[in-house]
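Chains as they are written, first to last, in our numbering: chain A, -2 to 413; chain B, 754 to 1062. A virtual CB, placed ideally from N, CA and C, is assigned to each residue, including glycine. Quick caveat: nothing in here was measured; it's all calculated off a predicted structure. Notes for the one structure printed next.
Below, the structure written as structure tokens:
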């Protein structure tokens, strides 16, 4: 066991190395590239075994990843944003192949306009593809989640690929202290991959990804994926507890911070939740009974865990770092659906906030304001209208940019 | 290299099962039959979206070996994943040599000439050890024969119904593939089984990317009687429309140079997709242009390969 400073990208690479991955089909994209560069370096120097192949696109990369995983080797890959969407067709396809691999997504906002900084629209676009999703808030979690993800993907009750998400820049390029576990300890937690009956072998021919005619066969196989994904919730809990026993770090499906005795909650995912945690601690200092709930698992959606965590609370602010135009925040929608399905008991007033798009900061004062809004909403019992976080000062800044753009546009014009 | 000299040297037993949903007289299926008999069952066919995606419909497959359907754009990338994984398993002693497979990409022209071209280019760059069989029926056949970039000039398709047919020209995929300097590229025709078998045997003896384009007369898309498939395939070669050739070690060699080429109109007139060139009136200008392009091609061949035997 070594304690060292690692970026989120470095932690992801360490996770892959400790998992003794066999194969990495790769394609560069900011802010993910450091992961594949790190692995390529280790493979070149012999620090780890494995083969890394740079493909011609993320679509090809995901295809090769799925094909190799269904040939029975342990596969790792990483992408971001536009790359994840470029490979989207194959995310659905290889989930249907039940290819048990791990794919890192380093979150980055989607074009247009094109940007490099993070939000969660990229990874949530892959929400329905059949990959399971683990969302990380710290670099340590990134490393640990890669190991947990392989156990989950390869579990015979699950057999589905897993996406591990970390936020671009805020985690990918930020150094944090990370405990790198010993290889022997990891080997005991994560034994070699046994592909069982999913493998191409001359002696045992297999057809994979074949067409079906008629909705019954199609429905059957899609339902199988859903049932396996739902089962993955229990399996995840088992694995996370075993991980905690072995390594002393607990990564529950839903992280709760001062949530038990809270009357109010903030709910959000990813690294910005660490900002929310800080705000919760300051508000607690001021006497407000508030807490934070952060789902680590997004697929399967830990609805029971969340219902449990939210039951009896007065007000909940759901902060979405994503935007479904014409609908709003995706986590808010999913959480509202989960709450509507539970046992009838007092459920909190939900307030929806959109923020942190394209890497925009969410400041402490904004968390305090959100807390104020939910306290007020709880008092009236009426959920407030969804809010898009944007300050007057930001608006002034954007107006300035627009003025510059207009002026720049005019310089080339002919004038009478 | 090849021990195949005539029809008697071809495999006597056939591996690909019948009863597939391919159309009667499918020229692509005929090519696949012949190729599969030569390659054998220790193969995994990595397929892209196209007519032959319907070969394996759950729970049936005509293959004795393995099959992987990928997507329209990325069959060569699927081949990369399988090949790399098998190599890794071999090198680590996790599978027996007897469990290894030949990796064969199987796509139509829509994928090969268009959507899958980047993935194929990448596979060639990476010197992937695989065989690529493109069944070229000169259009998006599975969706009802819309024009693709493999469609010949003047052909009527579902999306080129005008009196002059398809305005574009068939893309020279052979040259594009050969420009990557892979181990082997060849054109074949199932109507010329000895030539086809010789080329597949040559390809089998090589390592690296080996790519084959099989002209695949398509009764449904080209509009002719299914009984005519072989005759149309022969005419394509005898009229000089489909040159049989191979690329190897930086050089292109024609495996068959028709001595007295028959007029292209003979080939065109047998297919409904070219009827508008003859009726209601003969479009001499267009026919002359098509013939002139074929003549120019062979004039170039005579110049480049004239001295060769």
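Span separating the alpha-carbon of residue i from that of residue j
{"i": "residue 325 of chain A", "j": "residue 334 of chain A", "result": "14 Å"}
{"i": "residue 773 of chain B", "j": "residue 205 of chain A", "result": "17 Å"}
{"i": "residue 152 of chain A", "j": "residue 976 of chain B", "result": "52 Å"}
{"i": "residue 247 of chain A", "j": "residue 967 of chain B", "result": "58 Å"}
{"i": "residue 13 of chain A", "j": "residue 143 of chain A", "result": "7 Å"}
{"i": "residue 710 of chain B", "j": "residue 960 of chain B", "result": "Here chain B comprises residues numbered 754 to 1062, so residue 710 of chain B is not present and cannot be evaluated."}
{"i": "residue 402 of chain A", "j": "residue 284 of chain A", "result": "47 Å"}
{"i": "residue 872 of chain B", "j": "residue 830 of chain B", "result": "6 Å"}
{"i": "residue 764 of chain B", "j": "residue 82 of chain A", "result": "46 Å"}
{"i": "residue 1058 of chain B", "j": "residue 998 of chain B", "result": "11 Å"}
{"i": "residue 885 of chain B", "j": "residue 790 of chain B", "result": "16 Å"}
{"i": "residue 290 of chain A", "j": "residue 254 of chain A", "result": "6 Å"}
{"i": "residue 370 of chain A", "j": "residue 346 of chain A", "result": "11 Å"}
{"i": "residue 181 of chain A", "j": "residue 256 of chain A", "result": "36 Å"}
{"i": "residue 202 of chain A", "j": "residue 104 of chain A", "result": "39 Å"}
{"i": "residue 817 of chain B", "j": "residue 851 of chain B", "result": "16 Å"}
{"i": "residue 212 of chain A", "j": "residue 806 of chain B", "result": "18 Å"}
{"i": "residue 913 of chain B", "j": "residue 1022 of chain B", "result": "18 Å"}
{"i": "residue 101 of chain A", "j": "residue 803 of chain B", "result": "31 Å"}
{"i": "residue 198 of chain A", "j": "residue 114 of chain A", "result": "43 Å"}
{"i": "residue 782 of chain B", "j": "residue 944 of chain B", "result": "12 Å"}
{"i": "residue 754 of chain B", "j": "residue 950 of chain B", "result": "Residue confidence is low: residue 754 of chain B scores 48 on pLDDT, short of 50, so the model does not pin down where it sits. No coordinate-derived value is stated."}
{"i": "residue 76 of chain A", "j": "residue 55 of chain A", "result": "8 Å"}
{"i": "residue 288 of chain A", "j": "residue 232 of chain A", "result": "27 Å"}
{"i": "residue 242 of chain A", "j": "residue 235 of chain A", "result": "11 Å"}
{"i": "residue 195 of chain A", "j": "residue 330 of chain A", "result": "36 Å"}
{"i": "residue 923 of chain B", "j": "residue 797 of chain B", "result": "30 Å"}
{"i": "residue 49 of chain A", "j": "residue 863 of chain B", "result": "30 Å"}
Chain B residues whose Cβ lies nearer than 7 Å to that of residue i
{"i": "residue 197 of chain A", "result": "797, 819, 835 and 854"}
{"i": "residue 86 of chain A", "result": "824"}
{"i": "residue 200 of chain A", "result": "851 and 852"}
is_contact[residue i, chain B] using C-beta, thresh 8 Å
{"i": "residue 35 of chain A", "result": "no"}
{"i": "residue 69 of chain A", "result": "yes"}
{"i": "residue 212 of chain A", "result": "no"}
{"i": "residue -2 of chain A", "result": "no"}
{"i": "residue 16 of chain A", "result": "no"}
{"i": "residue 271 of chain A", "result": "no"}
{"i": "residue 193 of chain A", "result": "no"}
For residue i: DSSP bridge partner residues
{"i": "residue 796 of chain B", "result": "B:855"}
{"i": "residue 94 of chain A", "result": "None; residue 94 of chain A has no bridge partner."}
{"i": "residue 133 of chain A", "result": "Answer by DSSP bridge pairing: none, since residue 133 of chain A is not bridged."}
{"i": "residue 261 of chain A", "result": "A:287 and A:312"}
{"i": "residue 208 of chain A", "result": "B:810"}
{"i": "residue 1048 of chain B", "result": "Partner(s): none; residue 1048 of chain B has no beta bridge."}
Beta-carbon proximity of residue i to residue j, cut-off 8 Å
{"i": "residue 969 of chain B", "j": "residue 890 of chain B", "result": "yes"}
{"i": "residue 868 of chain B", "j": "residue 911 of chain B", "result": "no"}
{"i": "residue 303 of chain A", "j": "residue 351 of chain A", "result": "no"}
{"i": "residue 132 of chain A", "j": "residue 339 of chain A", "result": "no"}
{"i": "residue 11 of chain A", "j": "residue 140 of chain A", "result": "yes"}
{"i": "residue 1005 of chain B", "j": "residue 1047 of chain B", "result": "no"}
CB contact below 8 Å: residue i versus chain A
{"i": "residue 859 of chain B", "result": "no"}
{"i": "residue 879 of chain B", "result": "yes"}
{"i": "residue 807 of chain B", "result": "yes"}
{"i": "residue 915 of chain B", "result": "no"}
{"i": "residue 766 of chain B", "result": "no"}
{"i": "residue 827 of chain B", "result": "yes"}
{"i": "residue 851 of chain B", "result": "yes"}
{"i": "residue 896 of chain B", "result": "no"}
{"i": "residue 961 of chain B", "result": "no"}
{"i": "residue 875 of chain B", "result": "yes"}
Chain A residues whose Cβ lies nearer than 9 Å to that of residue i
{"i": "residue 803 of chain B", "result": "None at all; the shortest Cβ gap to chain A is about 12 Å."}
{"i": "residue 872 of chain B", "result": "52, 53, 54, 56, 57 and 60"}
{"i": "residue 811 of chain B", "result": "204, 207, 208, 209, 210, 214 and 218"}
{"i": "residue 822 of chain B", "result": "90, 204, 205, 206, 207 and 208"}
{"i": "residue 814 of chain B", "result": "202, 204 and 207"}
Neighbour list for residue i in chain A, Cβ cutoff strictly below 7 Å
{"i": "residue 841 of chain B", "result": "19, 20, 48 and 70"}
Residues that residue i contacts on chain A, provided the C-beta gap is smaller than 8 Å
{"i": "residue 929 of chain B", "result": "Neighbours of residue 929 of chain B on chain A: none; closest Cβ ~15 Å, over 8 Å."}
{"i": "residue 867 of chain B", "result": "By Cβ distance, chain A contributes nothing, its closest Cβ being about 14 Å from residue 867 of chain B, past 8 Å."}
Amino acids of chain B, ordered along the chain, whose beta-carbon sits closer than 8 Å to that of residue i
{"i": "residue 64 of chain A", "result": "799, 821, 823, 830, 831, 832, 833, 834, 835 and 838"}
Residue-level contact to chain E via CB, residue i, 8 Å cutoff
{"i": "residue 848 of chain B", "result": "The displayed structure is made up of protein chains A and B, and chain E is not among them."}
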